[in-house]
Amino acid sequence: MPYEPDDYLSRHFQTSGIDLAGKVDELLQFSAPGNSANLNLYRDMLVTVIRMAQADRNRWDAKIMLQTLREMERAFSALDRFKRRRKVTVFGSARTPTDHPLYDLARRLGAELARHELMVITGAGGGIMAAAHEGAGQEYSLGFNITLPFEQAANPTIQGTDHLLSFHFFFLRKLFFVKEADALVLCPGGFGTLDEALEVLTLVQTGKSPLVPVVLLDQPGGSYWKDALEFLDRQLVGNRYILPSDMQLIRLVYGVEDAVQEIARFYSNFHSTRWLRELFVIRLQHALREEALQQLNRDFADLCKSGGFSLQPASETESDEPELRDLPRLAFHFNGRDHGRLRELVNFLNLPDNWAV
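Letter by letter, the sequence shown follows residues -6 to 350 of our numbering.
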C-alpha cells in the first residue's frame, strides 16, 4: 500500500527553538546512502524514537522497543545473504522421537527440499525440527531459536553455526518464520504447531502475508490433519465463519514427494506479488496466452474492484528490484479480500496450457 510520510517533527517542534527535523535529516546524510529509496522510512523510524523519548515511557516499554529494534536489525543483517534463495518453513512437534515414522518423514522432507535448492527453516529444536535439518544439511538449513531462562540448545545440524539466529521475543521469531518463507509445511504437533497453522492461515487469508503454499504433511494413513480439516469444514465453513474458497489456501498430502511437488507447482509460473498503490501485481515466469487472459477476465472478474486483468511491464516504482524487471506482470485492482479465490487464480496461471510459447 502507498507510504504516507509522518510530518510529526515539522508539526510539533516548530516552536522548540531547535530544528530537530533538520538534525534528523543531517544524521541520515551521514548514515544512509543519499540515493536510498528508504530515506523517508528511516526518518520516520527516528521520529518514532523521539516520540518515545518525549513521552518518556516507563522503562519496560523502552526496553521492549529497544530489544525489538535490535533483534530485527540483527536478523535483517544475518539473513541478507540468503535474500534470493527460496526457503520453506517446517513446523512440527519438538517431542517426536527419532524412531517415529514422522521423524523419518521430516528427515526425507528436508533432503528433498534441499535437492530442489530450497532452504529449510525451523525453530532449531529437536523432533521434527531436528529431522528436517538433518535431512537438509547445514548448507540448506536455517534455525530461528528462542532464548529461554533455561537452556535451549539448538539441534546438532546448526548448533554453533552462522545459520542459527536467536530471538528473545516469540512474536519476532514468528514474524521471521512467515516473512522468510516461500512455503510452509506443517507436520503433526502440539499447541505450538496448531498455533502456527492457524496464524499462518489467518495472515494469508487477510492479506497480511503474501500468498504462499501451505502444506499439511502427515504419514500415510495418518488422521491428524484429516481430522483437523474436517473440523474446519464442518464448523468454520458450515457456520460461514470463513468462505468455502478459503479452504483452497491449504493442501493435505501424505508423502514427501507430494509436498515438494505442491511447492514446485506453485512456483512453476507464479513468481511473487506486489502492491503498487491500488494496483495488485503478480509477477510471472511465463507470459500468458491471449485466450488465457480473456478467460481470466471471464472467470475471475469477482476478484477485481474495477476494470479487469492486464499484462504490464515493470513499473518505475519497482526499481528497487532490478533483477525482477524482465518478468511478465499480471495487474488488476484486487478487492483485497478473497485470498482463497486468489489461490485459485494462481492455480490457473500455473497451468502450462495457459502460457504463451
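Ideal Cβ positions, reconstructed from N, Cα and C, are used throughout, including at glycine.
Exercise. Is the beta carbon of F184 less than 7 Å from the beta carbon of L158?
Worked result: Taking 7 Å as the Cβ cut-off, F184 and L158 do not qualify as a contacting pair.
For this session: Could you check the C-alpha separation between T186 and C180 for me, to the nearest Å?
Result: The straight-line gap from Cα to Cα measures roughly 8 Å.
Exercise. Where DSSP assigns a beta bridge to L135, which residues make up the other side?
Worked result: Under DSSP, L135 takes part in a beta bridge, and its partners are I114.
For this session: Give me the Cα-Cα distance between H332 and Q228, rounded to the nearest whole angstrom.
Result: Going by the C-alpha atoms only, they are around 20 Å apart.
Exercise. For L165, which residues of its own chain have a beta-carbon under 6 Å away from its beta-carbon, when the five flanking residues on both sides are left out?
Worked result: Excluding its 5 nearest sequence neighbours in each direction, L165 has C-beta neighbours in its own chain below 6 Å: E64, listed in chain order.
Exercise. If you follow the beta strand (DSSP E) that H264 is part of, which residue opens it and which one closes it?
Worked result: Residues F263 to L269.
Exercise. Within 10 angstroms of its Cβ, does P345 collect 16 or more other Cβ (buried), or is it exposed?
Worked result: So P345 ends up on the exposed side.
For this session: Measure the C-alpha to C-alpha separation of V207 and K172 and round it to an integer number of angstroms.
Result: Straight-line Cα distance between these residues: approximately 14 Å.
Exercise. My guess is that R318 and A307 are in contact by the Cβ rule of under 8 Å, so how many angstroms apart are they, rounded?
Worked result: About 5 Å separates the two Cβ atoms, so the contact holds.
Exercise. Among residues of its own chain, excluding the 5 on either side of H156, which ones have a beta-carbon nearer than 7 Å to its beta-carbon?
Worked result: Contacts found: Q131, S134, L135 and G136.
Exercise. From N33 to V42, what distance separates their C-alpha atoms?
Worked result: As the crow flies, the alpha-carbon of N33 is around 15 Å from that of V42.
For this session: Just list the beta strand (DSSP E) runs in the region 261 to 338, keeping only unbroken ones of 3 residues or longer that don't cross its boundaries, in chain order.
Result: If you keep only unbroken beta strand (DSSP E) runs of at least 3 residues inside the region 261 to 338, you get 263 to 269, 272 to 277, 303 to 305 and 322 to 325.
Problem set entry | Extent of the continuous alpha helix (DSSP H) to which S159 belongs | First-last for S159: L157 to F160, but that is the beta strand (DSSP E), not the alpha helix (DSSP H).
For this session: Report the residue from L72, A99 and E337 whose alpha carbon sits nearest the alpha carbon of S238.
Result: Minimum Cα distance to S238 is reached at E337.
Exercise. If you scan the region 2 to 65 from start to end, which runs of the alpha helix (DSSP H) of 4 or more residues do you find wholly inside it?
Worked result: Restricted to the region 2 to 65, the alpha helix (DSSP H) segments that are unbroken, complete and at least 4 residues in length are 13 to 24 and 32 to 48, listed in chain order.
Exercise. Apart from the five residues on each side of it in sequence, which residues of its chain come closer than 6 Å, Cβ to Cβ, to N262?
Worked result: Excluding residues within five positions, the ones whose Cβ falls inside 6 Å are L277, Q278, H279, L342 and N343.
Exercise. DSSP state of L236, grouped into three classes?
Worked result: Correct three-state label for L236: coil.
Exercise. Roughly how many angstroms lie between the CA atoms of N51 and G301, to the nearest whole one?
Worked result: Those two C-alpha atoms are separated by around 51 Å.
Exercise. Can the beta-carbon of F325 be found less than 7 Å from the beta-carbon of C297?
Worked result: For F325 and C297, yes; Cβs fall inside 7 Å.
Exercise. Buried or exposed: which applies to E189, given that a residue is buried once 16 or more other Cβ atoms fall within 10 Å of its Cβ?
Worked result: Buried is the call here.
Problem set entry | Alpha-carbon to alpha-carbon, V83 and A68 | Rounded to whole angstroms, A68 to V83 spans 19 Å at the Cα level.
Exercise. For W348, does the three-state DSSP call read helix, strand or coil?
Worked result: Three-state DSSP puts W348 in a strand.
Exercise. Distance, Cα to Cα, L141 vs H161?
Worked result: Each residue's CA atom was taken as its position, placing L141 and H161 some 8 Å apart.
Problem set entry | Residue closest to M100, alpha-carbon to alpha-carbon, out of A123, K80, V81 and R88 | The question names Met, but residue 100 in the sequence shown is Arg. The candidate whose alpha carbon is nearest that of R100 is A123.
For this session: Verify whether the separation of the beta carbon atoms of L98 and Q22 is less than 7 Å.
Result: Not in contact: L98 and Q22 (Cβ atoms no closer than 7 Å).
Exercise. Out of K167, N328, N340 and Y260, which has the shortest C-alpha to C-alpha gap to H109?
Worked result: A check of alpha carbon separations from H109 across K167, N328, N340 and Y260 identifies Y260 as the nearest.
Exercise. Out of T91, S216, R77 and A30, which has the shortest C-alpha to C-alpha gap to E316?
Worked result: Nearest of T91, S216, R77 and A30 to E316, Cα basis: R77.
Exercise. My guess is that D175 and R79 are in contact by the Cβ rule of under 8 Å, so how many angstroms apart are they, rounded?
Worked result: Confirmed, Cβ separation roughly 5 Å.
Exercise. Would DSSP call I243 helix, strand or coil?
Worked result: Judged by DSSP in its simplified three-state form, I243 adopts strand.
Exercise. Is V178 closer than 7 Å to A285 when the C-beta atoms are compared?
Worked result: It is not a contact, given that the beta carbons lie outside the stated cut-off.
Exercise. What are the boundary residues of the beta strand (DSSP E) that includes A129?
Worked result: Where A129 is concerned, there is no enclosing beta strand (DSSP E), although the alpha helix (DSSP H) it sits in stretches over I121 to A129.
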